[in-house]
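Student: So that we are looking at the same thing, I have put the structure below in structure tokens.
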Amino acid sequence: MTGLVSVGISHKTADLSLRERVYLTEAKTVAAYARLMENKSVRGALILSTCNRTELYLSAECDLDAVGLFFNTVGESSEELAAAVETTEGGEALRRLFGTAAGLLSRIFFEDQILGQVKAAAELAAKCGASDNRLKKAVQLAVTYAKRLKTEIQNGGTRGGIACLAVKEIENFQPNKKNPLTALIIGSGVVGLSVAGLLAERGYLVSVTKRAEGREPPNGVGTIGYSDRYRYIKSADVIVGATKSPHTTLKADGVIAAIEEDTKTRLFLDLAVPRDFDREISDIRGAVLKNIEDLQDGETRSPTELEIEKKAAVYAEEYIAAYEKWTNFVKLKIES
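Sequential numbering of the sequence shown, starting at 1, is according to my numbering.
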């Protein structure tokens, strides 16, 4: 494959256990860029690793083994992974990048968080010296495309993001008939603070773990030290995991010690990839363990969402044409 190539897995082809196996932390991404740029066939690279996907976008002047490079990037080449990998090139690769940036390919249709993740991924690639002009232009057009859709279609993201779905799941959880419920959010990133703020608005008593360098929580949300998280579990009705840690943040034996003999029903909602919570927590009496795959988003498109898809298809062709015009101009400029 030559030109612009995409290769990777997503929630459409891989389950949570496979996606978390190949999820790349920032440190792993930096190391992967160093390996990729040693390959003389690679002119540029962009790695996007989120809860929904791990994908590699490549810019190449000569033929390369995109799937093999993806395996090397994530450190796995199992048959299970090979069966889940999708590859596209040229205009199809651009359509994939555009659709991803706009949230059209997300598990939650038209969600907003992914655009920030694409921009952050591009910034890291540039910082590592991995992004060439071809990829920079592709990302620039993808961001413009996504913003245009978001701006022109008011209330387009009616389903909300992962935080909205998490709150719906929590509000359906009322086993203790207690009001207000107490929630502990482990993780002070975008998702964790969004969940915390939405719950506080609904009258929940919310605390969020906060490291020294963490963001400030929304109004009405208390903070505790990350190291104190087990101490607060006994009083909590809902515990949400939303960190970016590659390690387990709540272990079953720690939870058992924290709640002692208390058997009240608690919801442990793990929104992280890789997962924050020890899977053996589900064996604890009274514990209900759910993860991101348990959050349900309707498959049927609303009239607004159908409008989004129609406009998105038209705009994609417009921006692909703009990209091809730019590449032809650059090529002529080099040849002259």
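Even for Gly, the Cβ is constructed at its ideal location relative to N, Cα and C.
1) Glycine 156: buried (16+ other C-beta within 10 angstroms of its C-beta) or exposed?
2) Rounded to whole angstroms, how far is the Cβ of alanine 257 from the Cβ of valine 221, which I believe are closer than 8 Å?
3) Assuming the contact rule is C-beta atoms closer than 8 Å, threonine 209 and glycine 241 should be a hit. Round their C-beta distance to whole Å, please.
4) Helix, strand or coil for asparagine 291 per DSSP?
5) So, for glycine 90: in the same chain, excluding its five sequence neighbours on each side, which residues have a beta-carbon less than 7 Å away from its beta-carbon?
6) According to DSSP, simplified to helix, strand and coil, what is arginine 275?
7) Just reading off the alpha helix (DSSP H) that glycine 68 is part of, what are its end residues?
8) Within 10 angstroms of its Cβ, does glutamine 174 collect 16 or more other Cβ (buried), or is it exposed?
9) Using a 10 Å radius around the Cβ and a threshold of 16 neighbouring Cβ atoms, would you call aspartate 237 buried or exposed?
10) Isoleucine 410 to leucine 184, Cα distance in whole Å?
11) Given that a residue counts as buried once 16 or more other Cβ atoms are within 10 Å of its Cβ, and exposed if not, what is leucine 306?
12) Could you pull the start and end residues of the alpha helix (DSSP H) that leucine 165 belongs to?
13) Kindly give me the distance between the Cβ atoms of isoleucine 9 and alanine 84, rounded to whole angstroms, as I take these residues to be in contact under 8 Å.
14) With a threshold of 8 Å on Cβ separation, who are the neighbours of alanine 200 within its own chain once the five nearest residues in sequence on each side are excluded?
Tutor: Reading from the atomic positions:
1) Residue placement at glycine 156 cannot be trusted, given a pLDDT of 46 that sits under 50; the coordinates are not used to answer.
2) No, alanine 257 and valine 221 are not in contact; Cβ-Cβ is about 26 Å, not under 8 Å.
3) So it is not a contact: roughly 10 Å between Cβ atoms.
4) Collapsing the DSSP output to three states places asparagine 291 in a strand.
5) The residues are Gly3 and Leu4.
6) DSSP places arginine 275 outside both helix and strand once states are collapsed to three, so it counts as coil.
7) For glycine 68, the enclosing alpha helix (DSSP H) stretches over residues 66 to 74.
8) It is exposed - the Cβ of glutamine 174 has fewer than 16 other Cβ atoms within 10 Å.
9) Buried, since its Cβ has 16 or more Cβ neighbours within 10 Å.
10) Given a span of 1 to 336 for the chain in the structure shown, any question on residue 410 remains unanswerable.
11) Label assigned to leucine 306: exposed.
12) Counting along the chain, the alpha helix (DSSP H) containing leucine 165 begins and ends at 162 to 171.
13) The pair is a contact, with the Cβ atoms about 5 Å apart (cut-off 8 Å).
14) Around alanine 200, the same chain offers Val206, Pro218, Asn219, Gly220 and Val221 as residues with beta carbons nearer than 8 Å, after the five sequence neighbours per side are excluded.
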